[in-house]
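The working numbering numbers the first residue of the sequence shown as 12 and each following residue consecutively.
Encoded as structure tokens, the structure appears first; notes follow it.
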Amino acid sequence: MYSLINSSTHFPFTDADEMVNGGVSQWTAVPMTLIYSFILITGIIGNIGTCIVIAKIKSMHTATNYYLFSLAISDLLLLILGLPQEIYQLWVPLPYTFGELFCVFRGLAAETSSNASVLLITAFTAERYLAICHPLRAHTWSKLTRALKVIGVIWLVAIVCALPVALQFGIIYQQPGIAECNVKHSLDPAFELSTFLFFCLPMTVISVLYILIGLKLRMPKSLHRSKGNNVCMLSSNEHTPPGSQQTLSSSRKAVLKMLVAVVVAFFICWAPFHAQRLLAIYASHPPSSVVIETYNILTYMSGVLYYISATINPILYHIMSRKFRRAFRDTCCCKNRQQTTPTTCFSLQRLPSNRNNADMTETTLVAKNLHDSISNSSLHVTDDDAYTPAELSSMMAEINEQRCVHVSESNRQI
């Protein structure tokens with residue numbers, strides 16, 4: 012039977028003369044043990060560090076960081092519950108000595124953690140999209156209480172969707188007296204649905220949202236609207252020092268590269284795992300030599316990349332952020348200072364009437380709320396230090412355009 016459990020230690024098609032005690036050869040077991048040990052240590056350090064920094068630094072208590080905190084917990088569960096047994100089974104693959112209850116529990120824990128990680132990354136991406144492309148909505152939706160509710164729903168969905176897959180696992184005896192943890196009760200559509208719901212669909216959503224974010228960051232950074240003598244204007248060029256334009260352009264290029272890196276990393280880490288599952292389901296019986304070779308390659312790849320996904324998340328979403336590195340230094344130095352945020356600078360000409368002055372005040376308040384929303388959302392894939400006044404001004408273009416239309420209508424009424 013093809014192995015469908017989250018493990019790289021099952022090689023059902025490997026030639027017998029390459030095996031040691033029913034497992035992989037020592038030439039494979041030694042490097043795999045070293046790789047898994049490195050992934051386990053770095054993953055635990057990175058994810059625990061993420062949790063400590065977010066928990067101790069008050070300025071890190073944002074909706075975005077709540078998602079990332081939960082993602083770190085999910086990755087820790089995946090690493091701690093999965094990798095030690097993976098390493099053990101490299102050397103003692105058969106018989107399976109942990110019992111049927113642990114076999115089912117391990118499948119449930121692995122599926123739940125995997126599902127939660129993917130859903131949390133998708134939710135985090137959606138929050139980031141709102142903060143950059145629709146800042147007004149982000150100010151309304153990116154509340155801590157709402158984020159906690161979304162996280163609770165994500166974990167509930169992850170557990171419910173993991174049950175049909177996990178309950179298929181159990182102890183089987185392909186050889187008399189040799190127990191193996193593998194698929195015992197087959198539910199044909201369960202793995203296909205899991206691939207669609209937790210890989211194909213999230214991959215599509217994440218890709219589309221990051222494309223929209225990239226297009227937003229590449230938009231011109233100034234907006235000019237005029238109506239008679241009244242001018243409602245946001246201009247980044249007029250208020251940005253000449254030397255900072257090149258820096259801002261470089262920052263945007265770095266951001267775009269990071270967006271691409273996130274999508275590519277998601278695909279590389281999860282595609283082999285789901286491809287291996289689908290191949291195990293749909294491959295012909297008995298399999299051809301090409302299928303055997305392909306399956307074994309995918310097994311090696313998916314076994315490593317599956318756990319690398321839990322290690323690379325802190326790097327992609329936190330460690331490459333200057334704000335997080337500052338918070339990490341503060342945590343190590345036992346500090347708990349508030350992070351300072353950049354000052355918003357924008358120009359709106361004074362309007363002549365009291366009604367227009369009221370509109371001006373309202374616009375200023377909206378601008379302040381937007382600034383608070385952006386500066387507190389911790390958009391880690393974009394460097395926090397890159398949020399200059401010009402960048403914030405560009406993000407206010409949508410608001411400014413709406414306000415200009417409103418001001419023009421008010422002038423006509425006067």
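The beta carbon of each residue, even a glycine, is placed where N, CA and C say it ideally should be.
- Query: If you draw a straight line from the C-alpha of residue 426 to the C-alpha of residue 274, how long is it?
  - Reply: The structure shown has nothing for residue 426, since the chain only spans 12 to 425.
- Cβ neighbour criterion (16 or more within 10 Å) applied to residue 66: exposed
- Task: Locate the alpha helix (DSSP H) running through residue 78, then write down its first and last residues.
- Result: Counted as a single uninterrupted DSSP element, the alpha helix (DSSP H) harbouring residue 78 occupies residues 74-102.
- Presumed contact (8 angstroms Cβ cut-off) between residue 46 and residue 90, rounded CB distance: Wrong, their Cβ atoms sit about 13 angstroms apart, outside the cutoff.
- Message: Could you check whether the region 150-170 touches the region 71-78, counting it as contact only if at least three pairs of C-beta atoms, one from each stretch, sit closer than 8 angstroms?
- Response: Output reads yes: the region 71-78 touches the region 150-170.
- Message: At the 9 angstroms Cβ level, is residue 64 part of the contact set with chain D, yes or no?
- Response: Within the model displayed, chain D is absent; a lone protein chain is all it includes.
- Message: With a threshold of 8 angstroms, are at least 3 pairs of Cβ atoms found where one atom belongs to the region 108-122 and the other to the region 180-197?
- Response: yes
- Taking the beta strand (DSSP E) that residue 434 falls in, what are its first and last residues? Only positions 12 to 425 of the chain appear in the structure, and residue 434 is not among them; the question remains open.
- Message: So the candidates are 70, 104, 80; which of them puts its Cα closest to the Cα of residue 37?
- Response: 104
- Query: So residue 294 is in the alpha helix (DSSP H); what residue range does that whole segment cover?
  - Reply: DSSP places residue 294 in no alpha helix (DSSP H); its state is neither H nor E.
- Message: What would DSSP say about residue 224, mapped onto helix, strand or coil?
- Response: helix
- Message: Which residue wins for smallest C-alpha separation from residue 278, given the options 209, 88, 69?
- Response: 209
- Query: Grouping DSSP H, G and I as helix and E and B as strand, with all else coil, what is residue 52?
  - Reply: helix
- Query: Cβ atoms of residue 50 and residue 498: under 9 angstroms apart, would you say?
  - Reply: Residue 498 lies beyond the range of the chain shown here (12 to 425); nothing can be said about it.
- Query: In chain order, what residues of the same chain lie with their CB nearer than 6 angstroms to the CB of residue 192, ignoring the 5 residues before and after it?
  - Reply: If we look at residue 192 and ignore the five residues flanking it on each side, its Cβ neighbours are 107, 114.
- Message: Restricting to Cα atoms, I'd like to know which of 290, 218, 196 is closest to residue 269.
- Response: 218
- Query: With DSSP run on the structure shown, which of helix, strand or coil describes residue 192?
  - Reply: strand
- Nearest-angstrom Cβ-Cβ length linking residue 79 and residue 61, presumed shorter than 8 angstroms: 7 angstroms
- Decide if residue 68 is buried, meaning its Cβ has at least 16 other Cβ atoms within 10 Å, or exposed. buried
- Query: Excluding sequence positions up to five away, which residues of its chain have a Cβ less than 6 angstroms from the Cβ of residue 373?
  - Reply: In this prediction, residue 373 has a pLDDT of 41, which is less than 50 and means its spatial position is unreliable; what the coordinates show is noted afterwards. Residues of the same chain with their beta carbon placed closer than 6 angstroms to that of residue 373 are lacking, with the five preceding and five following residues left out of the count.
- Query: Where does residue 175 fall in DSSP's three states?
  - Reply: helix
- Query: Is residue 144 helix, strand or coil when you go by DSSP?
  - Reply: helix
- Check each candidate in 317, 200, 291 and name the one with the smallest Cα separation from residue 305. 291
- Given a threshold of 16 other Cβ atoms within 10 Å of its Cβ, counted over all protein chains shown, does residue 243 qualify as buried or as exposed? Unreliable positioning characterises residue 243 in this predicted model, as indicated by a pLDDT of 44, which lies under 50. The coordinate reading is nonetheless provided below. With 16 or more Cβ atoms within 10 Å of its Cβ, residue 243 is classed as buried.
- Item | Continuous alpha helix (DSSP H) stretch holding residue 108: start and end | Segment: none, residue 108 is in no alpha helix (DSSP H) and carries neither H nor E.
- Should residue 287 be labelled buried (16 or more other beta-carbon atoms within 10 Å of its own) or exposed? buried
- Message: DSSP three-state label for residue 229, please.
- Response: coil
- Message: The alpha helix (DSSP H) that contains residue 339, what's its start and end?
- Response: 333-343
- Buried or exposed: which applies to residue 297, given that a residue is buried once 16 or more other Cβ atoms fall within 10 Å of its Cβ? Exposed, since its Cβ has fewer than 16 Cβ neighbours within 10 Å.
- Should residue 112 go down as buried or exposed, given a rule of 16 or more other Cβ atoms within 10 Å for buried? exposed
- Task: Report back the beta-carbon spacing between residue 316 and residue 280 to the nearest angstrom; my notes put them in contact at under 8 angstroms.
- Result: 5 angstroms
- Message: Using C-beta distances below 6 angstroms, list every residue in its chain close to residue 375, excluding the 5 sequence neighbours before and after it, in chain order.
- Response: Note that residue 375 scores 44 on pLDDT, short of 50, meaning its location in the model is unreliable; the coordinates nonetheless yield the value given after this. If we look at residue 375 and ignore the five residues flanking it on each side, it has no Cβ neighbours.
- Query: Where does residue 4 sit, in a helix, a strand or coil, going by DSSP?
  - Reply: The requested residue 4 does not occur in the structure, where the chain is confined to residues 12 to 425.
- Message: Rounded to whole angstroms, what is the Cα-Cα separation between residue 85 and residue 125?
- Response: Cα-Cα distance, rounded: 8 angstroms.
- Message: Can you check which of these residues, 63, 95, 339, is closest to residue 83 by C-alpha distance?
- Response: 63
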